[in-house]
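Student: Going down the list, the sequences are from chains B and Z.
Number 251 in the working numbering belongs to position 251 of the first sequence; there are no gaps in the numbering.
Number 1214 in the working numbering belongs to position 214 of the second sequence; there are no gaps in the numbering.
First the structure, then my questions, so here it is.
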Amino acid sequence: MSDFLPGGRKLALVGLLFVLAPLPVMGSGYFVGVLSRTLLFALFAIALNIVFGHNDQLFLFMGGLGGIGAYTTALIADSVGVSAWLALPVAAVIAGLIGLSVSWISARRSFTVILISILTLNLQLVFSEAFIGARGLTGGSTGFPYELFTLSGIAEAAGVPTAVVIYYVILAFFLAAMVLYIWLINSKYGIAFEAIREDEMAAESIGIDVVRYKSIAGFIAGVIIAIAGTLLAREATYITPSIFTFLAVDVIALVVLIVGGIRQTYGPIVGAVIVEAIEAILGTYAANWRTAIFGALLILLFLYFRSGVIVKAQEFLEDRDVSLGGGNGGTAAVDTGGDG
Amino acid sequence: MLEAANIRKKFGGLVAVDGVDLEIGNGEIVGLIGPNGAGKTTLFNTITGVLEPEQETEITFNGEDIVALGTHEIARAGLLRTFQIVRVFGEMSVFENAVAGALFGTEESISQEEAEDRAREALAFVGLEDKADMQAENLPIAQQKQLELARAVASEPDLVLLDEIASGLTPGEIEELSDTIRRLRDELGISVFWIEHIMDAIMGTADRIIVLKSGEKIAEGTPEEIRNDQVVTEAYLGAEDES
């Protein structure tokens, strides 16, 4: 396993932890919801880590792509009359192709990270408007109940609340995304991503097709975001455009990634645990200040804390001569041993 | 190997490279010299697809027309380069830099193991095998330049373009580098096209020298012929206070 997936054992441990996590709180819809949201935003942050962390393409239309995923899944399932499990891959590929197109155009035109973020933020606004405006398809701002994937049947059979089944479905996608991420970053793609991030011209000069690799990153991110968005709606059991806004998705995912640590394998999940804990506390005691506090947090993070919790913790422990087998530094791990 | 006719590149009204013909044969080390602003780096950028040349330009490499190809495609065809201001991947290890060179610089894709073997050989070739685990940006400049060369060598190219690889090096380092460049040809069969300002380095190593001034080729010949060429001497004297 470790050959195929470096650090596979650590991921198995994290997986086990999250398999057990809902057991003590199974009866509380609220806590199961918090756990589900934690994994969902870790999922968004994994996508952002790939496309922004490793590729310098700041996608600020994660809400929009997530909405595309959720609405498309529902529309296909509804109009074609197939299971949402078949509709979801199609919706994910559609969102992936949108991500790919944005990356392809940006790379062809050598857009900087700022230009990509402006472009995608505009797309976010367009998608948000479209979700509200296309009332015939989306139900406008009133939305519609979102109870796809026939999970309540499973829940009944298993004798657990539907929210718990939803949680485990989200966990499965989260673990799959982690496996994909770890494999990707340790493969040829990881080396290409790192080379491109550091110096596009040098990367081109050694034979790396920059446009191709950036487009691949955009596609993968689009797919993951669409899945996360669909599950976000399913978790809420009701879909409205308001759950796919810039503030509701992009800001949170960005904070999650930065808090956890950009280009850290476990950055998304560590960041998501911290952010969702803060969210839960704010939601209880200062709900009206939520947005303002997250905005301020984002500014502080970018100013003083860009390397994230994992790196800070490692530095702290290293100062005290304790070693922590923490996240992978981001570059592809290659074996330097062997014959000379 | 590399054959080019009428290479032209304009920046607005300025003609940076003006109708240069050149040919680099198998196993040759060809020097490219000229005063500052002569268009040497622009010529390299045009050959490697970083800049798009004017319409009339014809460049073939191993018989293939490469004018319309992208930089990465030209690299894969076996034409690699180094940069005037060194561009290693600073946050990667020395070894990872070389692996990247091996992995992406060939037309057929190779396995990670194969790439790692080639990377080790390339690092040994330039004498950096002991530094494999170091982070590239922590190497002194002279060794970063060697690493850039190793990264190119790892892809087993046919021709490398070196852009002022000796500048900023001590006389001892230059001698070592010149030796490496000769071995590049003698041991690995790689041809070299080399821009250099340091005359001792290039005059002692190149088989043939091309002189560029204001975008035009003003002379071509053996180092001996170039040293005694009246036109070249004047070109350099005229530009003396620039350099």
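Glycine residues also receive a C-beta, built at the ideal position from the N, C-alpha and C atoms.
Is Z:Asp1021 buried or exposed, if buried means 16 or more other CB atoms sit within 10 Å of its CB?
Tutor: Exposed, because fewer than 16 other Cβ atoms sit within 10 Å of the Cβ of Z:Asp1021.
Student: Pairs of beta-carbons, one from the stretch 1215 to 1225 of chain Z and one from the stretch 1046 to 1054 of chain Z, closer than 8 Å: are there three or more?
Tutor: As far as the Cβ criterion goes, the stretch 1215 to 1225 of chain Z does not touch the stretch 1046 to 1054 of chain Z, which means the pair count is below three.
Student: Report the rounded CA-to-CA distance for B:Thr237 versus B:Val90, giving the unit in angstroms.
Tutor: For B:Thr237 and B:Val90, the distance between alpha carbons rounds to 21 Å.
Student: What does Z:Arg1183 touch in chain B if you count any residue whose Cβ is under 9 Å from its own?
Tutor: Those within 9 Å of Z:Arg1183 in chain B number zero; the least Cβ separation is about 18 Å.
Student: On the criterion of 16 or more Cβ atoms from any shown chain inside 10 Å, does B:Thr112 qualify as buried, or is it exposed?
Tutor: The residue in question, B:Thr112, is exposed, as its Cβ has fewer than 16 Cβ neighbours within 10 Å.
Student: For B:Gln57 and Z:Glu1234, what's the separation of their Cα atoms in angstroms?
Tutor: Their backbone Cα atoms lie some 51 Å apart in a straight line.
Student: Consider the Cβ of Z:Gly1127: report whether some Cβ of chain B lies at a distance smaller than 7 Å.
Tutor: Not closer than 7 Å to any Cβ of chain B, the Cβ of Z:Gly1127 fails to qualify, so no.
Student: So is B:Lys214 in contact with chain Z if we call contact Cβ pairs under 7 Å?
Tutor: With 7 Å as the cut-off, B:Lys214 does not count as an interface residue toward chain Z.
Student: Just the Cα atoms here: how many angstroms apart are B:Arg197 and Z:Leu1177?
Tutor: Rounded to the nearest angstrom, the two C-alpha atoms are 29 Å apart.
Student: In the DSSP assignment, the alpha helix (DSSP H) including B:Phe18 goes from what residue to what residue?
Tutor: Element bounds for B:Phe18: 8 to 20.
Student: Report all residues from its chain with a CB closer than 7 Å to the CB of B:Val273; omit the five preceding and five following residues, and keep chain order.
Tutor: Result list for B:Val273: Thr38, in chain order.
Student: Assuming contact is defined by CB atoms lying nearer than 7 Å, are Z:Leu1161 and Z:Phe1083 in contact in what I supplied?
Tutor: The answer is no: Cβ separation not under 7 Å.
Student: At a CB-CB cut-off below 8 Å, which residues of chain B make contact with Z:Ser1155?
Tutor: Here the neighbours are Ile206, Gly207.
Student: What separation, rounded to the nearest whole angstrom, lies between the Cα atoms of Z:Phe1061 and Z:Ala1102?
Tutor: Z:Phe1061 and Z:Ala1102: Cα-Cα distance of roughly 20 Å.
Student: DSSP three-state call for Z:Pro1171: helix, strand or coil?
Tutor: Helix.
Student: Under 7 Å between the Cβ atoms of Z:Val1211 and Z:Ile1029?
Tutor: For Z:Val1211 and Z:Ile1029, no; Cβs fall outside 7 Å.
Student: Pick helix, strand or coil for Z:Thr1222, following the three-state DSSP scheme.
Tutor: Of the three classes helix, strand and coil, the one that applies to Z:Thr1222 here is coil, per DSSP.
Student: For Z:Pro1223, which residues in the same chain have their Cβ closer than 7 Å to its Cβ, ignoring the five residues on either side in sequence?
Tutor: So the qualifying residues of the chain are Met1203, Ala1206, Ile1209.
Student: Whole-angstrom Cβ separation of B:Ile258 and B:Arg290, contact assumed at under 8 Å?
Tutor: That pair is no contact at about 18 Å.
Student: Using a C-beta to C-beta distance shorter than 9 Å, which residues of chain Z count as neighbours of B:Met201?
Tutor: By Cβ distance, chain Z contributes Val1050, Thr1071, Phe1083, Arg1087.
Student: To test your reading of the DSSP string, which unbroken alpha helix (DSSP H) runs of 4 or more residues are found completely within the stretch 132 to 220 of chain B?
Tutor: Runs of the alpha helix (DSSP H) inside the stretch 132 to 220 of chain B: 135 to 138, 151 to 158, 162 to 185, 188 to 198, 200 to 205.
Student: Less than 6 Å between C-beta atoms, sequence neighbours within five positions excluded: which residues of the same chain meet that for B:Ala87?
Tutor: Correct list, in chain order: Thr73, Ile76, Ala77.
Student: Please return the same chain residues whose Cβ sits closer than 6 Å to the Cβ of B:Ala192, not counting the five positions on each side in sequence.
Tutor: Answer for B:Ala192: Ile208, Tyr213, listed in chain order.
Student: Given that a residue counts as buried once 16 or more other Cβ atoms are within 10 Å of its Cβ, and exposed if not, what is Z:Asn1097?
Tutor: With 16 or more other Cβ atoms within 10 Å, it is buried.
Student: With 7 Å as the threshold, decide whether the Cβ of Z:Leu1161 is near any Cβ in chain B.
Tutor: Taking Cβ atoms only, chain B never reaches closer than 7 Å to Z:Leu1161, which makes this a no.
Student: Report the rounded CA-to-CA distance for B:Ile293 versus B:Val34, giving the unit in angstroms.
Tutor: Distance between the alpha carbons of B:Ile293 and B:Val34: 19 Å.
Student: Within 10 angstroms of the Cβ of B:Tyr71, are there 16 or more other Cβ atoms? Answer buried if so, exposed if not.
Tutor: Buried: at least 16 other Cβ atoms inside 10 Å.
Student: Going by C-alpha distance, which of B:Ser187, B:Glu200, B:Gly140, B:Val251 is nearest B:Phe302?
Tutor: The shortest Cα separation from B:Phe302 among B:Ser187, B:Glu200, B:Gly140, B:Val251 belongs to B:Val251.
Student: Below 9 Å on C-beta distance, what does Z:Leu1169 contact in chain B?
Tutor: Chain B residues near Z:Leu1169: none, gap ~20 Å exceeds 9 Å.
Student: Please check if any C-beta of chain Z sits within less than 7 Å of the C-beta of B:Ala221.
Tutor: B:Ala221 does not count as touching chain Z.
Student: Considering only DSSP beta bridges, list what Z:Trp1194 is partnered with.
Tutor: Z:Trp1194 pairs with Z:Gly1031, Z:Leu1162.
Student: Starting from Z:Leu1080, trace the beta strand (DSSP E) both ways and give me its first and last residue.
Tutor: First-last of the beta strand (DSSP E) with Z:Leu1080: 1079 to 1081.
Student: Taking B:Val249 and B:Phe44 to be in contact with their CB atoms under 8 Å, please state how far apart those CB atoms are, rounded to whole angstroms.
Tutor: Indeed, because the Cβ distance is near 6 Å, the residues count as touching under 8 Å.
Student: Going by C-alpha distance, which of B:Met178, B:Gly8, B:Val255 is nearest B:Ile220?
Tutor: Cα-wise, what sits closest to B:Ile220 is B:Met178.
Student: Under three-state DSSP, which class holds Z:Glu1107?
Tutor: Coil, per DSSP.
Student: Apply the 10 Å Cβ neighbour rule to B:Pro268 and answer buried if 16 or more other Cβ atoms are within range, or exposed otherwise.
Tutor: With 16 or more Cβ atoms within 10 Å of its Cβ, B:Pro268 is classed as buried.
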